[in-house]
Amino acid sequence: MNRRLNNPELVNSIPPSVTGVVGAGTSNGTKIAGLFHSGNWDNDNVRYLGGLFTADINLKYYASSNALGTDLSMKGHYFFQEIDFRLGDSNFFAGAEYTYMASEATIGMPNLIPDIKPMGFNSKDAGMALKLSYDSTDNPFAPRQGLKTAFKAKRFDQQFGGDFNYDNYSAYAHGYHRLSSKWGLNVRADMKSVSKGAPFYAKPFIDMRGIAAMRYQADNTAVAELEVTYDIDSRWTLLAFAGTGKAFDHNVAVTNTNFQGAQGGGVRYLLSRQLGLRAGVDVAKGPEEWALYFQLGSSW
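The numbering of the sequence shown is numbering that gives the first Met the number 0, which starts it at 0 and goes up by one.
Put into C-alpha cells, the structure is as follows:
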C-alpha cells in the first residue's frame with residue numbers, strides 16, 4: 000500500500016481537486032474571464048492543471064526602461080494544460096505542459112507623435128515544456144510552511160501551432176517558514192530568460208507588487224522578495240514585504256542595469272479553515288507609483 004497512506008504523519012494532506020470560474024477587472028478597463036480545473040489523482044501522485052481564458056488587457060509597453068510608455072491593448076484567448084508525476088515517494092515531480100495563445104494586439108504611439116495611428120497585428124504563440132519541481136508546502140492555496148521550487152525549459156515553435164520559434168527558461172524558489180506561533184517569514188527568488196526570436200509581449204518583466212506589468216522588460220529578469228507575516232488571531236494576518244529585481248538583455252552586462260525595488264504591506268483573512276484559503280488586500284509602492292492588489296491565496 001502507498002506509504003502516503005500508511006504513514007500520513009510523514010506527508011501533508013492531499014490537496015483537493017478544484018474546478019472554478021474566474022473573472023476579474025481593473026480600473027484601466029482590463030477584463031479577464033475563464034474556466035480552470037486543478038486535479039489531484041492517485042493519492043496526489045499525479046497533479047493536473049488546465050484552463051481556458053479570454054482577456055482584454057490594457058497597459059503600457061516600454062521598449063526600454065528609459066523609453067516613453069506606449070499604449071498597448073491585447074485581446075485574445077489562452078489555453079493551457081499541465082501535468083506532473085511524483086517521483087517515487089519523494090516531494091519531487093517531473094512534468095510537462097502545453098500552452099496556446101491567439102491574440103490581437105494594438106499599439107498606440109507615444110504622445111510625442113500623436114498623429115501616428117495605432118498599429119495592430121494578430122499572432123499565435125504555442126509552446127511545450129518539460130519541468131522538474133519540488134513541493135513540501137503544507138497547503139496549495141496559501142502555504143505557511145515548506146519549500147516549493149521548479150525549473151522549466153519551454154520551446155515555442157510553429158510546429159506546435161504558433162507563429163514564433165524561440166526558447167523560454169524559468170526557475171523559482173518559494174520558501175515559507177514559521178519563526179514562532181505568531182510570526183512567519185516567506186522568501187521568493189525568481190529568474191526568467193528567453194532566446195532570440197521571442198515576440199515583444201513574451202519577454203519576461205520584473206513581476207513584483209508595486210511595479211506595473213511589462214514596465215521593466217528584457218531578455219532576462221531576476222527577482223528577490225521577502226515577506227514577514229504576523230497573526231493577530233486565528234483568522235487575521237498582517238504582512239509587510241519588500242523586493243528588488245533586474246531586467247537585462249543578453250548583450251548587456253548585469254552590472255550595467257539598475258535594481259528596481261518595491262515595498263508595501265497588507266492584510267489577510269482566513270476564508271476557509273478546511274482549505275487554508277486566505278484572501279486580502281496589499282498596498283505597494285514601486286519606483287514610480289502606488290498600487291492596490293486584491294489577493295486570493297498566496298502572494299506568489
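Just so you know, even glycine gets a beta-carbon here, dropped at the ideal spot from N, CA and C.
Each of K195, K151, A261, S194 was checked against the Cα of R208, and the nearest Cα belongs to A261.
G265 is positioned such that its CB atom lies closer than 8 angstroms to that of D281. Going by C-alpha positions, V193 is about 44 angstroms away from D232.
With fewer than 16 neighbouring CB atoms inside 10 Å of its own CB, G196 falls in the exposed class. Remark: fewer than three beta-carbon pairs, one from each stretch, lie closer than 8 angstroms, so the region 179-188 and the region 149-162 are not flagged as touching. In the DSSP assignment, I106 falls within the unbroken beta strand (DSSP E) covering 91-106. Contact between N44 and R85 holds, with the beta-carbon distance rounding to 4 angstroms and staying under 8 angstroms. Residue pairing for F35: DSSP places it in a beta bridge opposite G19, G50. Selection S63, L291, W299 evaluated against S26 yields L291 as nearest (Cα-Cα). If one requires a minimum length of 3 residues, the beta strand (DSSP E) runs lying completely within the region 158-226 are 165-177, 182-193, in chain order.
Here G19 is exposed, its C-beta having fewer than 16 other C-beta atoms within 10 Å. Inter-residue distance for G161 and F78 is about 13 angstroms (C-alpha atoms, whole angstroms). Pairing N90 with D137, the inter-Cα distance amounts to about 12 angstroms. Here the region 95-107 makes contact with the region 66-77; the two share three or more CB pairs at distances below 8 angstroms. Across the set G94, A246, Q144, the C-alpha of G94 shows the shortest separation from the C-alpha of K130. Per the C-alpha coordinates, the member of D218, F240, H173, G244 positioned closest to D206 is G244. The alpha carbon of L225 has as its nearest neighbour, out of Q294, S63, G242, the alpha carbon of G242.
The Cβ-Cβ distance between F199 and N219 does not fall below 8 angstroms.
No Cβ-Cβ contact shorter than 8 angstroms links A239 with V251.
Bounds of any beta strand (DSSP E) do not take in V251, whose DSSP letter is neither H nor E.
Scanning I13, P15, A32 for the CA closest to the CA of G22 turns up A32. G28 counts as exposed, since fewer than 16 other C-beta atoms from the protein chains shown sit within 10 angstroms of its C-beta.
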